[in-house]
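> Chains as they are written, first to last, in the working numbering: chain A, 4 to 496; chain B, 15 to 54.
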């Protein structure tokens, strides 16, 4: 599948050199940081005492994905200024999760996964519904990230989509396998610095070389709707994206595993600071796409617009910077997702459903096997980009999962703060929210799936709790098994 | 209603400035945590 052979601006030799150099760096760091991991808890939660600097950076890096650096420009090109502003509202997910992270750490000092919480809080039926929702989302995100890797390498260097995608995925699988969450967090710090500096560098040079006057004038001539503050689809997208981001963070084990891993007083400050620092990044990354008319760039595929503009403005340097930034952004999110999803599958599927008496050593080994299996599954799905009905552009894949994640917002929030929330209502709210969210995705558009999913989910949960409120003892959550008792206690309750 | 050049420019410049300062803040926090032995 060759998308951009005719517009490739990075010589293939340089691209291969960068790929090899950064692959070696990430794998070395992964091995170095994870070499002292001895237990499943070390591997999954990095010792549960991560400090503020690393905690903030890993939250930022994970949320700055290739979807931010590539989809933000794509959305700016399609939805205009509201596209990039709407994407930046994703920061609210991090900011709102800050108090939740503190509460999660207080309520579940021995917790491992978001699945642990749902199981203890709402029981097995809701837990299983939640696992379906969470795993579909995780897989959708993994596939969209792998696709972004292939698109980037193809767009910049003309290297075959499947070859590039395979290399990036393999590197992330390898260093996550070697170092677990400690490797993920350590590499995230380096990757965050690279990503932000690179994105800011490209934006400053675009401002300097093209200028706001030229950008605005050409947009008014060719695409005036992109500057329209009352662009209806874009405003719907703004609210949809807000709910999508909140849903992603509130339910996903990527963020819960960090809440468990950060030091006791760190979670709140780290998530708050990460949100505030993340807020401007989609604007910075998305803005460059608005320069397309001024630069006279022909964009053959919308999700290539970011790299194409950078290369047009900065030439070879721009291509190299974009290549490094997106590789770092991809790796920082892929590794987090691989680690957190393998933890969820190991803890909640393998130990929760298949081998309830699994020892700590067996869990440790299972986590690693899951990383490899997830990598292989992601590779298989991403290999068929554009050949399946729902596997289309990056945004399409990402927002397909919107109905799933938004329907999980209220069950999670109610589970943490509403003592009388009804467990059956929590399960049905996810089922109804997801179903109607998906219907709206196909009938109306990608920009309303999360909106509908969240609204329906809220209505169902409130209705059930109003009709049949259930009491809950918060101390039950502290019963998630502490280190060393896995297997000995007869498995999960 | 169309966004003006000035408003667009102001928003983008503020956002880019924050993004430029963020790495400096993160590195400062890293050094502080490291000196206090609180990295991990």
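Positions of the beta carbon are idealized from the N, C-alpha and C atoms, including for glycine.
On a predicted model such as this, the values are computed, not experimentally measured, just so you know.
Report the rounded CA-to-CA distance for residue 456 (chain A) versus residue 449 (chain A), giving the unit in angstroms.
On the first chain, position 453 is the one that residue 456 (chain A) refers to. On the first chain, position 446 is the one that residue 449 (chain A) refers to. C-alpha separation (whole angstroms): 12 Å.
> For residue 33 (chain B) versus residue 284 (chain A), is the C-beta spacing smaller than 8 Å?
Taking the first residue of the second chain as position 1, residue 33 (chain B) is located at position 19. Taking the first residue of the first chain as position 1, residue 284 (chain A) is located at position 281. In this structure, residue 284 (chain A) lies closer than 8 Å to residue 33 (chain B) by Cβ.
> Determine the burial state of residue 20 (chain A): buried for a count of at least 16 other Cβ atoms within 10 Å of its Cβ, exposed for fewer.
Your numbering for residue 20 (chain A) matches position 17 in the first chain. By the neighbour-count rule (16 or more Cβ atoms within 10 Å), residue 20 (chain A) is not buried but exposed.
> So, for residue 347 (chain A): in the same chain, excluding its five sequence neighbours on each side, which residues have a beta-carbon less than 6 Å away from its beta-carbon?
Along the first chain, read from residue 1 onward, the residue named residue 347 (chain A) stands at position 344. For residue 347 (chain A), where only same-chain residues beyond five positions count, the Cβ hits under 6 Å are 116, 118, 256.
> Measuring alpha carbon to alpha carbon, tell me which residue in A:54, A:326, A:329, A:124 is nearest residue 185 (chain A).
Along the first chain, read from residue 1 onward, the residue named residue 185 (chain A) stands at position 182. When each option's Cα is compared against that of residue 185 (chain A), the closest is A:54.
> State the start and end residues of the unbroken alpha helix (DSSP H) segment that holds residue 262 (chain A).
Taking the first chain and counting its residues from 1, one reaches residue 262 (chain A) at position 259. Looking at the DSSP string, the run of the alpha helix (DSSP H) that includes residue 262 (chain A) is 256 to 264.
> Exposed or buried, which one is residue 387 (chain A) when buried takes at least 16 other CB atoms within 10 Å?
Your numbering for residue 387 (chain A) matches position 384 in the first chain. So residue 387 (chain A) ends up on the exposed side.
> Do residue 37 (chain B) and residue 199 (chain A) have their beta-carbon atoms positioned less than 8 Å apart in this structure?
What you label residue 199 (chain A) is simply residue 196 of the first chain in a count that begins at 1. What you label residue 37 (chain B) is simply residue 23 of the second chain in a count that begins at 1. Cβ distance < 8 Å, so residue 199 (chain A) and residue 37 (chain B) count as in contact.
> Following the continuous alpha helix (DSSP H) through residue 287 (chain A), name the residue where it begins and the one where it ends.
As a working mapping, residue 287 (chain A) is identified with position 284 in the first chain. Per DSSP, residue 287 (chain A) belongs to the alpha helix (DSSP H) from 284 to 290.
> With a cut-off of 8 Å on the beta carbons, I'd call residue 17 (chain B) and residue 286 (chain A) a contact; round off their distance for me.
Stepping through the second chain from its first residue, residue 17 (chain B) is reached at position 3. Stepping through the first chain from its first residue, residue 286 (chain A) is reached at position 283. The pair is not a contact, with the Cβ atoms about 12 Å apart (cut-off 8 Å).
> Identify the continuous alpha helix (DSSP H) that holds residue 469 (chain A) and give its terminal residues.
For the purposes of this step, residue 469 (chain A) is taken as the residue at position 466 of the first chain. Segment 452 to 470, the alpha helix (DSSP H) holding residue 469 (chain A).
> For the putative contact between residue 261 (chain A) and residue 42 (chain A), defined by C-beta atoms under 8 Å, what is the C-beta separation to the nearest angstrom?
Here residue 261 (chain A) corresponds to residue number 258 of the first chain, with the count starting at 1. Here residue 42 (chain A) corresponds to residue number 39 of the first chain, with the count starting at 1. Between residue 42 (chain A) and residue 261 (chain A) the Cβ distance is about 18 Å, and since that is not below 8 Å, they are no contact.
> Among A:251, A:137, A:110, A:26, which one has its Cα closest to the Cα of residue 95 (chain A)?
As a working mapping, residue 95 (chain A) is identified with position 92 in the first chain. Looking at the Cα atoms, A:251 is the closest of the given residues.
> Closest by CA to residue 222 (chain A), which one among A:183, A:151, A:296?
If you number the first chain from 1, residue 222 (chain A) lands on position 219. Nearest option by C-alpha distance: A:296.
> List the residues of chain B whose Cβ lies closer than 7 Å to the Cβ of residue 219 (chain A), in chain order.
Against the first chain, residue 219 (chain A) aligns to sequence position 216. Result: 19, 22.
> Is there contact here, the segment 228 to 244 of chain A with the segment 75 to 83 of chain A, by at least three beta-carbon pairs under 8 Å?
Short answer: they touch.
> Cβ of residue 481 (chain A) within 8 Å of Cβ of residue 103 (chain A)?
As a first step, residue 481 (chain A) is located in the first chain; it is residue number 478 there, counting from the start. As a first step, residue 103 (chain A) is located in the first chain; it is residue number 100 there, counting from the start. Not a contact, by the Cβ cut-off of 8 Å.
> Strictly under 8 Å for the Cβ-Cβ distance: is residue 29 (chain B) near chain A by that measure?
Locating residue 29 (chain B) in the second chain gives position 15, counting from the first residue. Yes, because at least one Cβ of chain A sits closer than 8 Å to the Cβ of residue 29 (chain B).
> Within the continuous alpha helix (DSSP H) that includes residue 164 (chain A), where are the two ends?
Reading the first chain from its first residue, position 161 is the one you call residue 164 (chain A). Looking at the DSSP string, the run of the alpha helix (DSSP H) that includes residue 164 (chain A) is 164 to 212.
> Beta carbon of residue 97 (chain A), beta carbon of residue 278 (chain A): below 8 Å?
Your numbering for residue 97 (chain A) matches position 94 in the first chain. Your numbering for residue 278 (chain A) matches position 275 in the first chain. It is a contact, given that the beta carbons lie within the stated cut-off.
> Short of 6 Å in beta carbon distance, which residues of its chain neighbour residue 133 (chain A), apart from the five on each side in sequence? Order them along the chain.
Residue 133 (chain A) sits at position 130 when you count from the first residue of the first chain. 121.
> If you draw a straight line from the alpha carbon of residue 335 (chain A) to that of residue 478 (chain A), how long is it in whole angstroms?
As a working mapping, residue 335 (chain A) is identified with position 332 in the first chain. As a working mapping, residue 478 (chain A) is identified with position 475 in the first chain. Cα to Cα, the separation comes out at about 35 Å.
> Can you round the beta-carbon distance between residue 216 (chain A) and residue 27 (chain B) to whole angstroms, since I take them to be within the 8 Å contact cut?
Taking the first chain and counting its residues from 1, the one referred to as residue 216 (chain A) is at position 213. Taking the second chain and counting its residues from 1, the one referred to as residue 27 (chain B) is at position 13. The Cβ separation is near 14 Å, so there is no contact.
> Can you pull out the residues from the segment 198 to 211 of chain A whose beta carbon lies closer than 8 Å to at least one beta carbon of chain B?
So the close ones are 199, 200, 202, 203, 206, 207, 210.
> Provide the residue(s) that pair with residue 231 (chain A) in DSSP beta bridges, ordered along the chain.
Here residue 231 (chain A) corresponds to residue number 228 of the first chain, with the count starting at 1. Per DSSP, B:16.
> Quick check: what's the CA-CA separation for residue 393 (chain A) versus residue 345 (chain A)?
On the first chain, residue 393 (chain A) is found 390 positions in, with the first residue counted as 1. On the first chain, residue 345 (chain A) is found 342 positions in, with the first residue counted as 1. Residue placement at residue 393 (chain A) is poorly supported in this model, since its pLDDT is 44, which falls under 50; the coordinates still yield a value, given next. So the alpha carbons of these two residues sit roughly 24 Å apart.
> What span of residues does the alpha helix (DSSP H) with residue 221 (chain A) cover, start to end?
In the first chain, residue 221 (chain A) corresponds to position 218, counting from 1. It spans 215 to 225 - the alpha helix (DSSP H) in which residue 221 (chain A) sits, taken as one unbroken run.
> Against chain B, with Cβ distances strictly below 8 Å, would residue 104 (chain A) count as a contact?
Position 101 of the first chain, counting from 1, holds the residue named residue 104 (chain A). No - not a single Cβ of chain B is within 8 Å of the one on residue 104 (chain A).
> Looking at C-alpha atoms only, which residue of A:338, A:369, A:339 is the closest neighbour of residue 353 (chain A)?
Within the first chain, the letter at position 350 stands for residue 353 (chain A). It is A:369.
> Using a Cβ-Cβ cut-off of 8 Å (strictly less than) and excluding sequence neighbours within five positions of residue 327 (chain A), which residues of its own chain qualify?
Walking along the first chain from the start, residue 327 (chain A) turns up at place 324. Closer than 8 Å at the Cβ level, and outside the excluded window around residue 327 (chain A), lie 21, 25, 197, 201.
> Taking residue 67 (chain A) and residue 332 (chain A) to be in contact with their CB atoms under 8 Å, please state how far apart those CB atoms are, rounded to whole angstroms.
As a first step, residue 67 (chain A) must be located in the first chain, where it is residue number 64. As a first step, residue 332 (chain A) must be located in the first chain, where it is residue number 329. About 6 Å separates the two Cβ atoms, so the contact holds.
> In chain order, what residues of the segment 364 to 384 of chain A put their CB closer than 7 Å to some CB of chain B?
Under the 7 Å Cβ criterion, the segment 364 to 384 of chain A contributes no residue.
> The alpha helix (DSSP H) that contains residue 412 (chain A), what's its start and end?
Taking the first residue of the first chain as 1, we reach residue 412 (chain A) at position 409. Looking at the DSSP string, the run of the alpha helix (DSSP H) that includes residue 412 (chain A) is 412 to 420.
> Using the beta-carbon count (16 or more within 10 Å), is residue 506 (chain A) buried or exposed?
Absent from the model: residue 506 (chain A). The displayed extent of chain A is 4 to 496, so no value can be given.
> Could you give the residue range of the alpha helix (DSSP H) that holds residue 387 (chain A)?
Translated into positions along the first chain, residue 387 (chain A) becomes position 384. Here residue 387 (chain A) belongs to no alpha helix (DSSP H), and DSSP marks it neither H nor E.
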